[in-house]
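As structure tokens, the structure follows; a few thoughts come after it.
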Amino acid sequence: MLITLLLATLLSTGTPAQGKPDLKTPYEQGNGNQTATYEEAIAWYQKLDEAYDEVKMLPYGMTDAGRPLHLVIVSTDKDFDPASIKQKNKRVLLIQNGIHPGEPEGIDATMMLARDYLQNKKLRKQLDNVVLAIIPVYNIGGALNRNSHTRTNQNGPEVYGFRGNARNLDLNRDYIKTDSRNAQTFHQIFREWDPDVFMDNHTSNGADYQHVMTLIATQHNKLSPTLAKYLSGKMVPTLYEGMKQDKFPMVPYMNHAGDTPDQGIIGFMESPRYATGYTTLYNTIGFVPETHMLKPFDQRVKATYKLMENMIETIHRDADEIGKLRQQAKEQTLTQKQFALNWKLDTTKVTQIPFLGYEAKYKPSEVSGQERLYYDRKSPYSKKINYYDEFVPTVTVEKPVAYIIPQAWHEVTERLKLNKVHMQQLKRDTTLTLDSYYITDYKTSQRPYEGHYLHSEVQVETRRMPRQFFKGDYVVYLNQEANRFLVETLEPQAVDSYFNWNFFDSILMQKEYFSSYVFEDLAAQYLKQNPELRKQLEARRKQDPEFAKNARAQLDFVYRNSPHYEFTHQLYPVGRLMQEVKLPL
Ligand SMILES: [Zn+2]
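The sequence shown runs -19 to -1, 1 to 566 under mature numbering (1 follows the signal peptide of the UniProt record, and there is no 0).
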């Protein structure tokens, strides 16, 4: 009986009786141009989990595809509790793969990486102070939707997943609006593990050049100054040097200023809708490696592997420094008073960076007969190009003491809960005098963008006034780790605010109007009692002949300046409490 049980256990783990378990990945077993399917990747990590006590695959919450999101932890002292890991002053590197499953090299590279760091003594030593947290495949719905054509210009692999998820969302725009269950689950993982460094592996589109690997590092102006100094001054140079030694010299992500890279490139400003824009809100250093789509798949996998290897080595080397700087950055976020909500490129600041390109040339098109661009691989060049990577804030706001969020806006408070925001509720109905915004202007996209009619260029007018709140409404003090997340979601002028993502659209519509023939008499009387308003009406008539001819418009003018007009029209519901007051909490 015992023997049968033992045999069954051995069979079920797939562990051979002697030697290392067979942990060749599907990529290694293939022809070098094939990537693991979602099922293969999960089954393989399951085997890794069974073979090593230092590995645990944790199923987290749901995804839109109806399958759970997995998180694989590699922790050499077999501690899988994020709080305890933090107490031991270890750094956590979160690696996310397959957010765009058509760009899958991270999926395959990370599987080999996890195994090698367990089996190779020298590599394993680096995990003394670094814990790996791996999302094997983030966009599961997209990974299940495999094809060979949608990455039109990409050089392999033979078959891959699709960019849209099960709801056709681009998950790399979903980190604030959180429409997908994938993003809801990501927030839980992210806030529970609080990674020090985050990597989100991708493949790039665009121009042709010699580099296999391009890199977006968190835009340094958006990072707290202490972390930014370390990132730009030490971490990024170490990664560039290491990748050069490994024969994969890098260049920043090719965001061109003109038609071709030799006209200069612009640093990528990731707003919080993007993965690394979101992680920046919590002082996590983020990286988006983008391998070049025209390079063969095996080179792209190798470059991704090498970059992750350099990343782990750097985090291992600087573990204490990164820990201290992050702690300082978090303290700074707690006391910071002013927050930038929007940014623009400073075109006066430019540096020169080395670039390995191919000459851009033009010839007649066989399709249209017009001039067409091509890159001549027979004419490689090495030269310095302009790099613009300084951004300045265009809108800045002072944080309030607290935001008061009426409980009616539960889609918003649910998202704050996912972010582990500390919220309290009023114990009884309360009138509070606080700052409120009226939305005075905004633009709206003409067609849906990621499932929303996104707003932008919001203008507000601040009014200090008493407002009625009710038992159960939420009070959110700005004395917490999520301060920056709160400001950048709850301030309507922030580029990725909940207002811009349509969470408050119902306030933009007027609910009550007037009947002209009845309001005539009331309006006449109101003008008699308010000669100042009558003067304004007359002035407006003189200025605007159309208005002077339009009876309804004039009645509406009086209506909007009378107490009959609803004060809640365009009133942004979230209040800004500007001084400490005793609240019934
Ligand atoms: Zn991508």
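Using N, Cα and C, we set each Cβ at its ideal position, and we do this for glycine too.
The criterion of a C-beta distance shorter than 8 Å is satisfied by M274 and T184.
Excluding the 5 residues flanking it on each side, Y507 has same chain C-beta neighbours closer than 8 Å at L514, V539, S543, in chain order.
Sequence-distant partners of E271 (beyond 5 residues in either direction) whose C-beta falls short of 6 Å from its own C-beta, in its chain, are H183, S185, T195, Y234. Look at E352: its beta carbon is at least 7 Å from all of the heavy atoms in ligand 1. Comparing alpha carbon positions, the residue from F466, P242, F500, E379 closest to L558 is E379. Scanning its chain for C-beta atoms nearer than 7 Å, with the 5 sequence neighbours on each side dropped, one finds around G137 the residues N14, P277, F278, in chain order.
The shortest CA-to-CA distance from E442 to any of E472, P253, K228 is the one to E472. Judged by DSSP secondary structure, W324 falls outside any alpha helix (DSSP H) and instead within the beta strand (DSSP E) spanning 319 to 326.
Beta-bridge annotation (DSSP): M274 is not paired with any residue. Each of H81, E84, H183 has a C-beta closer than 5 Å to some heavy atom of ligand 1; these make up the full list, in chain order. C-alpha of Y458 to C-alpha of E312: approximately 15 Å in a straight line. Proximity of the stretch 248 to 266 to the stretch 191 to 205 meets the contact definition, three or more beta-carbon pairs being nearer than 8 Å. The C-beta distance from W482 to K158 rounds to 4 Å, short enough to fall under 8 Å. Looking from the CA of R396, the closest CA among F466, Y419, Q319 belongs to F466. Under the three-pair Cβ rule at 8 Å, the stretch 315 to 334 counts as touching the stretch 365 to 383. Here H192 is buried, its C-beta having at least 16 other C-beta atoms within 10 Å.
For the pair of segments examined, the stretch 397 to 413 was found not to touch the stretch 331 to 350: the number of CB pairs separated by less than 8 Å stays below three. In terms of CA proximity to Q77, A164 leads the group D189, L354, I303, A164.
In this structure, the alpha-carbon of T261 lies about 24 Å from that of E222. Close CB contacts of R358 within its chain, under the 6 Å cut and outside five residues either way in sequence, are with Y339 (chain order).
Around the Cβ of P218, a 10 Å sphere holds fewer than 16 other Cβ atoms; the residue is exposed. Counting along the chain, no beta strand (DSSP E) covers M92; the unbroken alpha helix (DSSP H) around it starts and ends at 86 to 100. Membership of S426 in any beta strand (DSSP E) is not indicated, and neither H nor E is assigned to it by DSSP.
Per DSSP, E352 is one residue of the beta strand (DSSP E) stretching across 352 to 369. Taken through DSSP and simplified to helix, strand or coil, S65 comes out as helix. With three or more CB-CB distances shorter than 8 Å, the stretch 38 to 50 counts as touching the stretch 140 to 154.
For P7, the enclosing alpha helix (DSSP H) begins and ends at 7 to 10. As a beta-bridge residue in DSSP terms, M180 pairs with I76, F268.
Exposed is the label assigned to Y434, since fewer than 16 other Cβ atoms lie within 10 Å of its Cβ.
Between I334 and Y368, the beta carbon gap of about 5 Å places them in contact (Cβ cut-off 8 Å). Nearest C-alpha to A300 among K71, H130, H436, V269: K71. When secondary structure is reduced to three states using DSSP, S487 falls in the helix class. DSSP, reduced to helix, strand and coil, places S349 outside both helices and strands of the structure shown, so it counts as coil. With a contact defined as Cβ atoms closer than 8 Å, E35 and V53 miss out at about 11 Å.
Proximity to D537 across V499, T199, K424, F268 peaks at V499, based on C-alpha coordinates.
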